[in-house]
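Counting in our numbering, the sequence shown runs from 727 upward without gaps.
Every residue, glycine too, gets a C-beta built ideally from N, C-alpha and C.
None of the values given here were measured: they were computed from a predicted structure.
Beneath this line is the structure, given in structure tokens, with notes to follow.
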Amino acid sequence: MRIVIKIGTSTLAYKTGRLNINLMESLCKTISDLKNAGHEIILVSSGAIGMGVGKLSLAERPKDMPTKQAAAAVGQCELMYRYDRLFSEYNHTVAQILITGEDVENEERHRRFRDTVFRLLELGALPVINENDTVSTAEIAVGDNDTLSAIVATSVNADLLILLSDIDGLYSADPRKDKNATLIPTVDKLTDEIMTLAGGAGSSLGTGGMATKLRAAKICTGRGIPMVIANGSRPERLYDVVAGKSVGTRFNA
Ligand code: GLU
Numbered sequence: 727m728r729i730v731i732k733i734g735t736s737t738l739a740y741k742t743g744r745l746n747i748n749l750m751e752s753l754c755k756t757i758s759d760l761k762n763a764g765h766e767i768i769l770v771s772s773g774a775i776g777m778g779v780g781k782l783s784l785a786e787r788p789k790d791m792p793t794k795q796a797a798a799a800v801g802q803c804e805l806m807y808r809y810d811r812l813f814s815e816y817n818h819t820v821a822q823i824l825i826t827g828e829d830v831e832n833e834e835r836h837r838r839f840r841d842t843v844f845r846l847l848e849l850g851a852l853p854v855i856n857e858n859d860t861v862s863t864a865e866i867a868v869g870d871n872d873t874l875s876a877i878v879a880t881s882v883n884a885d886l887l888i889l890l891s892d893i894d895g896l897y898s899a900d901p902r903k904d905k906n907a908t909l910i911p912t913v914d915k916l917t918d919e920i921m922t923l924a925g926g927a928g929s930s931l932g933t934g935g936m937a938t939k940l941r942a943a944k945i946c947t948g949r950g951i952p953m954v955i956a957n958g959s960r961p962e963r964l965y966d967v968v969a970g971k972s973v974g975t976r977f978n979a
């Protein structure tokens, strides 16, 4: 299978912006193993701004554009350094691709992006994609990596998109506010009722939330690609997700 896996900032890093080392190690180990088993994996990783916050010892996620872009420049470097080191341990080669909305809206640039990803996959490399936060502005940005990963999944004709998050999946109500909220294991149709289950942004370091995840589900499932939201706190769950077992919420195509 060709699988796009997206990991969010709140899963990769602690609230301090510092890396969750254990988690990243088991993520890289599991993805390496899935690659060894013959799957083609494309990783969409957030965490550039979050890790920049940690490395620059900023008190919080910056709100102004220059500091955000500076934090992204620092954090992206750290992020790829970590991925490179950890995947190398399992003999896998990472390739960094940074894109903005313009790269997928412009037909010629979109084609080149896809050709590069396909060539990297042929060469056995692991594309690690993020928004090019250092140069992207609100006008040209995709804006969040849930949407970006759905765009990537449709661009490369993926068989499955997996969003690893700090939440187990889609709930019948906000589980942080309502203790009677129950996990919805399968969504066959993105009805208006389902779309209203999305709340606001999920964490202080990341950008996404359930709204962007449901938007991603709409993009993917509309193009025939199923999507799963699963809790990323134990990356070994990826084995079950890939095996089609019930983990988190599966949005059928
Ligand atoms: N591109 C951002 C980063 O790497 C994350 C965007 C998101 O959290 O969706 O920090």
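- Excluding five sequence positions before and after M791, the CB atoms of its chain that fall closer than 8 Å to its own CB belong to T863, given in chain order.
- Sequence-distant Cβ neighbours of A884 in its own chain, meaning closer than 6 Å and more than five residues away, are R728, V730 and I951.
- E766 sits buried, since 16 or more C-beta atoms from the chains shown fall within 10 Å of its C-beta.
- Spanning the alpha carbons of S881 and R840 requires a straight line of approximately 7 Å.
- When the beta-carbon positions are compared, M953 and L896 stay at least 7 Å from each other.
- Note that the segment 899-914 does not touch the segment 749-757; fewer than 3 beta-carbon pairs, one per stretch, sit closer than 8 Å.
- The distance from the Cβ of L940 to that of A924 is about 5 Å, consistent with a contact at the 8 Å cut-off.
- Straight-line spacing of the CA atoms in M921 and N978 works out to 15 Å.
- The beta carbon of D894 is closer than 7 Å to those of L909, N957 and G974 in its chain, skipping five residues each way along the sequence.
- Excluding residues up to 5 positions away in sequence, A821 and P853 lie with their Cβ nearer than 6 Å to the Cβ of L846 in the same chain.
- Within the segment 787-826, the complete beta strand (DSSP E) runs of at least 3 residues fall at 820-825.
- DSSP, reduced to helix, strand and coil, places Y897 within a strand of the structure shown.
- Fully contained in the segment 927-972 are the following alpha helix (DSSP H) runs of length 4 or more, in chain order: 936-948 and 963-968.
- Measuring C-alpha to C-alpha distances from L916 to each of E962, A907 and C946 identifies C946 as the nearest.
- C803 has its alpha-carbon roughly 19 Å from the corresponding atom of D870.
- Only buried fits L874, as 16 or more other CB atoms lie within 10 angstroms of its CB.
- If you draw a 10 Å sphere on the C-beta of L812, you find 16 or more other C-beta atoms in it, and that means buried.
- For R837, the enclosing alpha helix (DSSP H) has its first and last residue at E833 to E848.
- If the five residues before and after P961 are omitted, its C-beta is found closer than 6 Å to the C-beta atoms of S752, L753 and T756, all from its own chain and listed in chain order.
- Excluding sequence positions up to five before and after F844, its CB lies within less than 8 Å of the CB of V882, all in the same chain and listed in chain order.
- DSSP, read as helix, strand or coil, puts S891 in strand.
- Closest by C-alpha distance to K781, out of S814, N748 and Y740, is Y740.
- Annotation: the continuous alpha helix (DSSP H) that includes L749 extends over I747 to N762.
- For G780, the shortest separation between its Cβ and any heavy atom of the ligand GLU does not lie below 6 Å.
- Checking the 6 Å criterion, the Cβ of E751 is out of range of every heavy atom belonging to the ligand GLU.
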